[in-house]
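S.K.: This structure is in structure tokens; I'll ask about it shortly.
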Amino acid sequence: MRLGSLDLDNRYILAPMLNVTTAPYRRFCRKFYNVGLVSVPMLYTKRIEKSPISIEKDLIKIEEERPISVQLIGSDPEALKTTIDYLESYKYDVLDLNAGCPSKRAIKAKEGGYLMKDFKNLRQLIQTAVKHSTKPISLKIRTGYDKPFDIEEMARLINDSGINFLIIHARMVKSNFSEGTLDLETVKKLKERLAIPLVGNGDIVSAKSAKYFIDYTQVDALMIGRESMGNPQIFNQLHEYFTQGNEITSKRNIDLIKEYIKIYEEKVDEFLRGISHPLGNDEIKFIELKRNAIWLMRDIENSKIIRHQLNKAKSIQHIKTILAHV
Ligand SMILES: Cc1cc2nc3c(=O)[nH]c(=O)nc-3n(C[C@H](O)[C@H](O)[C@H](O)COP(=O)(O)O)c2cc1C
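First residue of the sequence shown? That's 1245 in our numbering, and the numbers climb one at a time after it.
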């Protein structure tokens, strides 16, 4: 499918999630389905401006993951420009600007979600990115800060901006990641006024919720975040439903989850092969295996004790011993 100037295999996109959608995680999701686009979660432009080398670890081997986008967060156009220049030496496909992060840190720094109430700076940041980046630009927004934005104003801002496509998480910044219900009405009205493709995001946890989102809003593509944590088959499930009409619900049991964890380990090893990660290869492998094993165990009957044990694990061997006994 086409998303602006991008040619993607399909319309399913893995959402950027800080400390979740790492390189092994993205590779793991793509093992089950060739997810159309994945993203490196937010990188801080101020930090990169001060120390470009600090983000090298976040961009290791990204050329192997194309199509991939790199997301930036910041409020200073100069820092954004410097970062874009620095990123030019990397091979990636989309530069994504974060205008939705609700964290206290982001709001205090007047970046991320704060931009939903500062259209002046939002416009300036977009202009800077469009002017300096050789890559297509996307923007990830919310439906407003503490009240829905003016749809006509947002549509004008986007249509005049020169960006490639827009991503919208259908909640306001003040609703964080999961509070309240989705505002699909704003998404729908915005879509009607946009001259560029719109990607819909928020609470897509099944084929049914994906269909409802698309039918209601007519968005061009879907971005999935939290459901992928523990259910890497979600992209496949959406594809099956929309192409074959089949609603597959994977029968999750402990043996399947152990198999998934094995695949996760393979993906971590694949990523670490031939590199010396600045945080230590063993440490990365331990962190990745531990948290993903815990996420993958969700919804498994009687897994509370296992998750508790995994949470206390202090080494890779310890994780393996716990899993060998279940
Ligand atoms: C742990 C976590 C980290 C996140 N980090 C980012 C991020 O770096 N950049 C971003 O644009 N959104 C981030 N998000 C928001 C997700 O991209 C997504 O918009 C949100 O989770 C809603 O989609 P979902 O309902 O499918 O999870 C994060 C969400 C979570 C739960």
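Note that beta-carbon positions come from the ideal geometry of N, C-alpha and C, so glycine has one too.
1) Identify whether V1282 lies in helix, strand or coil by the three-state DSSP scheme.
2) Strictly by DSSP, which residues pair up with H1413?
3) Tell me the DSSP secondary structure of Q1371 in three-state form.
4) So what's S1419 in DSSP terms, helix, strand or just coil?
5) Any heavy atom of ligand 1 within a distance shorter than 7 Å of the CB on C1345?
6) Return yes when at least one heavy atom of ligand 1 lies under 7 Å from the C-beta of N1445, else no.
7) Quick one: any contact between the stretch 1555-1566 and the stretch 1292-1311, if contact means 3 or more CB pairs under 8 Å?
8) Following the continuous alpha helix (DSSP H) through Q1488, name the residue where it begins and the one where it ends.
9) Three or more beta-carbon pairs under 8 Å between the stretch 1470-1487 and the stretch 1514-1521, yes or no?
10) Would you mind reading off the limits of the beta strand (DSSP E) that contains I1468?
11) Closest by CA to P1441, which one among D1329, Q1462, F1421, L1500?
12) Pop quiz: A1343 and L1366 are said to be a contact at Cβ under 8 Å. What is the actual Cβ separation, rounded to whole angstroms?
13) Short of 8 Å in beta carbon distance, which residues of its chain neighbour N1403, apart from the five on each side in sequence? Order them along the chain.
14) Please classify D1251: does DSSP put it in a helix, a strand, or coil?
15) Can you determine whether any heavy atom of ligand 1 sits closer than 7 Å to the C-beta of G1469, and answer yes or no?
16) Would the C-beta of N1480 count as close to ligand 1, meaning under 7 Å from any of its heavy atoms?
17) Kindly list the residues whose CB is nearer than 6 Å to the CB of I1412, restricted to its own chain and excluding five residues on each side of it in sequence; keep chain order.
18) Identify every residue that forms a DSSP beta bridge with Q1315.
19) What do you reckon, is the C-beta of V1417 under 7 Å from a heavy atom of ligand 1?
20) When DSSP labels each residue in this structure, what does L1428 get in the three-state scheme?
21) Assuming the contact rule is C-beta atoms closer than 8 Å, S1333 and I1312 should be a hit. Round their C-beta distance to whole Å, please.
22) Which class does L1262 belong to by DSSP, given the choice of helix, strand or coil?
23) Quick one, are the C-beta atoms of D1394 and L1426 less than 8 Å apart?
24) Between the alpha carbons of D1390 and G1356, how many angstroms are there, rounded?
25) Determine which residues share a DSSP beta bridge with L1287 and list them.
26) E1545: buried (16+ other C-beta within 10 angstroms of its C-beta) or exposed?
27) Closer than 6 Å by C-beta to H1376: which residues in its own chain qualify, once you throw out the five before and the five after it? Chain order, please.
28) Tell me the residue span of the alpha helix (DSSP H) that contains P1321.
29) Could you check what DSSP says for Y1277 in three-state terms: helix, strand or coil?
30) Taking V1449 as the reference, give the member of I1550, E1471, D1459 with the closest Cα.
31) Quick one: does the C-beta of F1421 sit closer than 7 Å to a heavy atom of ligand 1?
32) Given a cut-off of 8 Å, decide if I1468 and L1252 are closer than it, judged by their beta-carbon atoms.
33) Could you tell me the boundaries of the alpha helix (DSSP H) in which E1397 lies?
M.R.: This is what the structure holds:
1) Numbered from its first residue, the sequence shown carries residue 1282 at position 38. In the structure shown, V1282 sits in a strand (DSSP, three-state: E or B).
2) Counted from its first residue, the sequence shown places residue 1413 at position 169. R1386, N1445, per the DSSP bridge assignment.
3) Position 127 of the sequence shown holds residue 1371. Three-state DSSP puts Q1371 in a helix.
4) Working through the sequence shown from its first residue, we reach residue 1419 at position 175. Of the three classes helix, strand and coil, the one that applies to S1419 here is helix, per DSSP.
5) Here residue 1345 corresponds to residue number 101 of the sequence shown, with the count starting at 1. Remark: the shortest separation between the CB of C1345 and any heavy atom of ligand 1 falls under 7 Å.
6) Counting from one through the sequence shown, the residue named residue 1445 turns up at place 201. Within the cutoff, so yes.
7) Cβ pair count under 8 Å is below three, so no.
8) Residue mapping note: residue 1488 aligns to position 244 of the sequence shown, counting from 1. Residue range 1478-1488 is occupied by the alpha helix (DSSP H) that includes Q1488.
9) Judged by Cβ distances under 8 Å, the stretch 1470-1487 makes no contact with the stretch 1514-1521, as fewer than three pairs qualify.
10) For the purposes of this step, residue 1468 is taken as the residue at position 224 of the sequence shown. In the DSSP assignment, I1468 falls within the beta strand (DSSP E) that extends over 1465-1468.
11) Position 197 of the sequence shown, counted from the first residue, corresponds to residue 1441. Measuring from the Cα of P1441, the nearest candidate turns out to be Q1462.
12) One-based indexing of the sequence shown puts residue 1343 at position 99. One-based indexing of the sequence shown puts residue 1366 at position 122. Contact flag correct, Cβ pair sits at about 6 Å.
13) Counting from 1 along the sequence shown, the entry for residue 1403 is found at position 159. Correct list, in chain order: R1437, L1438, A1439, I1440.
14) For the purposes of this step, residue 1251 is taken as residue 7 along the sequence shown, with counting starting at 1. In the three-state reduction of the DSSP assignment, D1251 falls in the strand class.
15) Position 225 of the sequence shown, counted from the start, is the residue given in the question as residue 1469. Yes, ligand 1 has a heavy atom inside 7 Å of this Cβ.
16) In the sequence shown, residue 1480 corresponds to position 236, counting from 1. Answer for N1480: no, Cβ out of range of ligand 1.
17) Looking up residue 1412 in the sequence shown gives position 168. Sequence-distant partners of I1412 (beyond 5 residues in either direction) whose C-beta falls short of 6 Å from its own C-beta, in its chain, are I1385, V1431.
18) Position 71 of the sequence shown, counting from 1, holds the residue named residue 1315. In the DSSP secondary-structure assignment, Q1315 is bridged to D1340.
19) By 1-based counting over the sequence shown, the position of residue 1417 is 173. It does not: the Cβ of V1417 is nowhere closer than 7 Å to a heavy atom of ligand 1.
20) For this step, residue 1428 is matched to residue 184 along the sequence shown. DSSP, reduced to helix, strand and coil, places L1428 within a helical segment of the structure shown.
21) Residue mapping note: residue 1333 aligns to position 89 of the sequence shown, counting from 1. Residue mapping note: residue 1312 aligns to position 68 of the sequence shown, counting from 1. Separation of the CB atoms of S1333 and I1312 is rounded to 15 Å, and the pair is thereby denied contact status at 8 Å.
22) Counted from its first residue, the sequence shown places residue 1262 at position 18. L1262: coil per DSSP, three-state reduction.
23) Counted from its first residue, the sequence shown places residue 1394 at position 150. Counted from its first residue, the sequence shown places residue 1426 at position 182. Cβ distance not < 8 Å, so D1394 and L1426 don't count as in contact.
24) Along the sequence shown, read from residue 1 onward, the residue named residue 1390 stands at position 146. Along the sequence shown, read from residue 1 onward, the residue named residue 1356 stands at position 112. About 14 Å.
25) Here residue 1287 refers to the residue found at position 43 of the sequence shown. In the DSSP output, where bridge partners are listed per residue, L1287 has L1316.
26) Position 301 of the sequence shown, counted from the start, is the residue given in the question as residue 1545. Exposed.
27) As a working mapping, residue 1376 is identified with position 132 in the sequence shown. Cβ neighbours of H1376 beyond the five flanking positions: K1325, I1328.
28) Here residue 1321 refers to the residue found at position 77 of the sequence shown. From DSSP, the alpha helix (DSSP H) with P1321 extends over 1321-1331.
29) Taking the sequence shown and counting its residues from 1, the one referred to as residue 1277 is at position 33. Y1277: coil per DSSP, three-state reduction.
30) Residue numbering aside, residue 1449 sits at position 205 when the sequence shown is read from its first letter. With distances taken between Cα atoms, V1449 lies closest to E1471.
31) Walking along the sequence shown from the start, residue 1421 turns up at place 177. Under cutoff, so the answer is yes.
32) Against the sequence shown, residue 1252 aligns to sequence position 8. Against the sequence shown, residue 1468 aligns to sequence position 224. Their beta carbons are not under 8 Å apart, which means L1252 does not touch I1468 by this criterion.
33) Residue numbering aside, residue 1397 sits at position 153 when the sequence shown is read from its first letter. That run of the alpha helix (DSSP H) goes 1395-1403.
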